[in-house]
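Below is one structure, written out as structure tokens, with a few remarks after it.
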Amino acid sequence: MIAAGSAASSLKGRDLLDCQEWTHDEVESTFELAMELKRRFKGGGPQELLKNKTFFMIFYATSTRTRNSFEAALTQLGGHAHYLETKTMRIGDQGAPEEVKDTAKVLDRYGHGIGVRAYTQNYGEGEQLIREYARHAEIPVVSMESDKYHPCQALADMLTIREKFSDWHGKKYVQAWAYSPNARRVPAVPQSNVCLMTRQGMDVVYVRPKEFTLDSKITTQARLNARESGGSFTETDDLKGAFEGADVVYVRNHTTLNYGRDGVEAEQAIIDKYKTWTCSQELMDLTSKKSVFMHCLPADRGHEVTNEVMDGPNSVIYDEAENRLHVQKAVLALVMR
Amino acid sequence: MIAAGSAASSLKGRDLLDCQEWTHDEVESTFELAMELKRRFKGGGPQELLKNKTFFMIFYATSTRTRNSFEAALTQLGGHAHYLETKTMRIGDQGAPEEVKDTAKVLDRYGHGIGVRAYTQNYGEGEQLIREYARHAEIPVVSMESDKYHPCQALADMLTIREKFSDWHGKKYVQAWAYSPNARRVPAVPQSNVCLMTRQGMDVVYVRPKEFTLDSKITTQARLNARESGGSFTETDDLKGAFEGADVVYVRNHTTLNYGRDGVEAEQAIIDKYKTWTCSQELMDLTSKKSVFMHCLPADRGHEVTNEVMDGPNSVIYDEAENRLHVQKAVLALVMR
Amino acid sequence: MIAAGSAASSLKGRDLLDCQEWTHDEVESTFELAMELKRRFKGGGPQELLKNKTFFMIFYATSTRTRNSFEAALTQLGGHAHYLETKTMRIGDQGAPEEVKDTAKVLDRYGHGIGVRAYTQNYGEGEQLIREYARHAEIPVVSMESDKYHPCQALADMLTIREKFSDWHGKKYVQAWAYSPNARRVPAVPQSNVCLMTRQGMDVVYVRPKEFTLDSKITTQARLNARESGGSFTETDDLKGAFEGADVVYVRNHTTLNYGRDGVEAEQAIIDKYKTWTCSQELMDLTSKKSVFMHCLPADRGHEVTNEVMDGPNSVIYDEAENRLHVQKAVLALVMR
């Protein structure tokens, strides 16, 4: 019905937990199909690739974009997504809660794919939980964000960059930590993004106060990716230097990796040292003339970034949010068909 | 596929926040399509006017009829409705909740229409919130009830009256406040209904204890509507007089407009003065022979109205509830196609 | 489109509250259609028997299998199921909650079937509540488990037994109470199962500590069923004796019938006397060579049953969970079409 890339057939039945686990060709096939499905969404062509099929969305946390883009994705593909809050399920029961194994192995029999969003204060726990579902379910499991990875966000972001720049190789991509007194986001987005963007041949700069450095496995991977793709990966705490000549600025608050271990007060003391880390128009003025501003949302307007930037001419925040829909339709169509 | 009235084309992409903002012809087109879709629901004809399309239902409050009639409406039209409780979304987050603007502009990219139900104790706040969604979303926004308006209820009610009376012009429509110790409904239904029913040429009487008068903008509008349509609008506190010769009796408890400002105790003191304001069979006996009893539900049985009246031969409460479904299918098909 | 048994036509519009209320032929027609729909699920044939139709699922309690199997069932049949938590509905309102009658009579107008799960600590209350919905709704009402019956579970379990044994008549079916310090399950599953399995001609043994005996109306019915079918029904507290030579072992914790009246502490004192009532491999070794182990899930692993048994070669727990899907598709297709 719809031709995706030659690597597409290898994706049938596969999980998506971290983009890095998919080959370059598999990622390219996903972009190819996502663009075709986006054209059809706008132009009205047939998209019913998952007719009468079921995707289970298990949420251990709140969501706007993820839930609504997946649920609308299934409707457009002719199937249906279940919105599952864990507290309404037997795994959320008091007394004798069901084990993940049994929940996963049962859903496996009713439908065709499972999405899980899970994170806690303890870095890595959420990822472990998602992988427990994946271990037990034979149907594909798609990460809807853990504390480590947010693969669907990274794919949507890269698709957006490809739409904005005809050649993105060697373009300067800045992943910037940003101040928020209360947001306390997990580091999944910056971690998935620096890995994917280095792999796609971009010159990636990760700028943050020194306490907010990412998982060393991630930065090692990003460096390796850059070497193979011809891109580069740099980490710095020089905010202005990072913004200079940037083609893409991607802003996102996140916690330190020690937050769970050291507690709220220690975390707050660190955060409060960096109240000036707000993405302002002055910073944006240092970037290249055709630069784009990105944020995965939700944004803490006024803290992470000013309204002027969020709503300004460089901002592509709603375009990238929209691409969640199309890239996820492609992912699900490839793994669930 | 289905011919609606000539005014139908002007509705594409439009919001429905208050019936008054739609022209007479647009309202007529809606009734026309609603009746056709109702015939097809009963008879089995095709209704898939919104195939694979998505309608987001954002609820800041509980719901039975609104949620279920909209969700079933989408299924019948071939699309799907998302049931969204704000506490499961990023706008409900602690810490750094997302702003309405970003939520609205993102949903805008995923689907084809947004419904919002919002009201607080402070008269007008809910309406303001719904209009904030409408201002930011390019796709149609439909009010699922604010503290000021409940346009879909008014349309369903008028459709019901049209089904019960071959000529409704000049018929006596009584909107009656009713006692409930605890219901504390917002005045949206009486306000939307006195406006629409005066506009449709009925002789409208709004009967209430003096403290429960409606927003003066509403009563002014109702008078203006009556003048243009050839109907009339009267406000009174004479309950028996109002019921005499009535063709339609519509009962609904609501709070005073000052409830939020003056607080619970002040409100309760006022309510308790009107414990006799229950719609009883004795009152119904004063109405015209073929009169109908209406209530938008949920009803506080035994307080607002006796079981004898609710379940009696004049009652059309379930017919009007059903018409929510058909009128909303028409509204959505007209604005979202 | 799909031929079900000759008795199928009598099921149109019917409720399913207790399998016993359906004739033997009606139950056979359900199994026949379930098997056909299962073949099509695996093989890909058309299943859209309830196109654009709506099934309302009202949950007074948590659920994994029931909610997800019904919701996926509707998707496969071409319709849609609403997931309704009572606390989001008007019947869950503070102040003046809506009565069941009005909720039931309104949903009746919007869709084509209603499912209800309801149980409390007071044995029988949940069943009464479900029957209140059934009394008021003209569309079919399907029990999604009360404190007395779980008809869809019983049908799925019997279908599983029929798949595992070419002739199930005279096979030994053991329904075993099991220890759990905290699970506190209602006795619906054992009650529905001993009734259905005796009716299907099996030799049913219900083994439990004496305090956990079932409703005497149920055991009387089971004895009557056995007499008519040529099967048998025995009740005992001899766990090992029960397991000896068993063909089917079905494990499920449940409370005493007096739990609501006598309170938590009294219940706990009784439970704690039976800590050895765990289904272990040693017990399973007493059963027949080709015996199967069943559990409706969720299981309290380590208390009701060991992991060795749950995950062992005799276990068919996921097969029976899957059959919920297919048997419910058959039930809904027969009653809602």
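Protein chains in written order, with the working numbering: chain F, 733 to 1069; chain A, 733 to 1069; chain Y, 733 to 1069. C-beta atoms are modelled at their ideal positions from N, C-alpha and C, and glycine is treated no differently.
By the beta-carbon neighbour count (other beta carbons within 10 angstroms, threshold 16), Y/D994 is exposed. Residues of the stretch 827-861 of chain A with a C-beta atom less than 7 Å from some C-beta of chain F are G827, A828, E830, E831, D834, T835, K837, V838, L839, R841, Y842 and G843, listed in chain order. In the three-state reduction of the DSSP assignment, F/R849 falls in the strand class, which pools E and B.
The beta carbon of A/H901 sits closer than 6 Å to those of G933, all from its chain and outside the five residues before and after it, given in chain order.
A direct Cα-Cα distance of roughly 11 Å separates A/F763 from A/C884. The residues A910, V983, T1010, C1011, H1027 and A1031, in chain order, have a CB closer than 7 Å to that of F/V1037 in the same chain once the five nearest residues on each side in sequence are set aside.
With distances taken between CA atoms, A/E967 lies nearest to A/T951 out of A/R959, A/T951, A/I823 and A/E1054.
Inter-residue distance for A/D750 and A/S878 is about 10 Å (C-alpha atoms, whole angstroms). In the three-state DSSP reduction, A/K1061 falls in the helix class (H, G or I). For Y/S948 and Y/C927, the gap between their C-alpha atoms comes out near 12 Å.
Taking one beta carbon from each stretch, the stretch 825-841 of chain F and the stretch 801-813 of chain F have fewer than 3 pairs nearer than 8 Å; the two do not touch.
For the stretch 1012-1041 of chain A, the residues whose beta carbon sits under 7 Å from a beta carbon of chain Y are, in order, L1029, P1030, A1031, D1032 and R1033. For the pair A/E857 and Y/D1051, the Cα-to-Cα distance works out to about 52 Å. What Y/N784 touches in chain F, judged by beta-carbon distance under 8 Å, is nothing: the nearest beta carbon there is about 13 Å away. Bridge pairing for Y/V906: Y/V937 and Y/V981 [DSSP]. Between Y/N957 and Y/T930 the beta-carbon gap is near 4 Å, inside 8 Å, which marks them as a contact. For F/R797, the closest Cβ of chain A is nearer than 8 Å. The alpha-carbon separation between Y/N914 and Y/E999 amounts to approximately 11 Å. Listed along chain F are N784, each with a C-beta nearer than 7 Å to that of Y/Q808.
Going by DSSP, A/Y815 is part of the beta strand (DSSP E) stretching over H812 to E817. F/M1068 is positioned such that its CB atom lies no closer than 8 Å to that of F/P829.
Cβ proximity to chain Y below 9 Å picks out nothing from the stretch 858-889 of chain F. Taken in chain order, the unbroken stretches of alpha helix (DSSP H) that lie wholly in the stretch 941-1019 of chain Y and span 4 residues or more are 948-961, 971-975, 991-994, 996-1003 and 1013-1016. One thing to note: F/F965 has its Cβ no nearer than 8 Å to the Cβ of F/A974. Closer than 8 Å to the CB of A/M789 there is not a single CB belonging to chain F.
Going by DSSP, F/T786 is part of the beta strand (DSSP E) stretching over T786 to F791. Distance between A/T835 and Y/Q923, taken at the CA atoms: about 49 Å. The alpha helix (DSSP H) runs lying completely inside the stretch 823-872 of chain F and spanning 4 residues or more are 832-842 and 857-868, given in chain order. Take Y/H1035, set aside five residues on each side of it, and the residues of its chain with a beta-carbon closer than 7 Å to its own are Y911, S912, P913 and T1010, in chain order. In this structure, the beta-carbon distance from F/A805 to F/K1007 does not fall below 8 Å.
Annotation for A/V1041: the continuous alpha helix (DSSP H) segment containing it runs N1039 to M1042. From the beta-carbon of Y/L1057, the residues of chain F found nearer than 8 Å are R841 and Y842.
A Cβ of chain A is located within less than 8 Å of the beta carbon of Y/H814. In the displayed model, A/L769 falls within a helix according to three-state DSSP. Beta-bridge partners assigned by DSSP to A/M1026: A/Y982. Non-local beta-carbon contacts of A/L748 in its own chain, meaning distances under 6 Å to residues more than five positions away in sequence, involve V874, P883 and V1063 in chain order.
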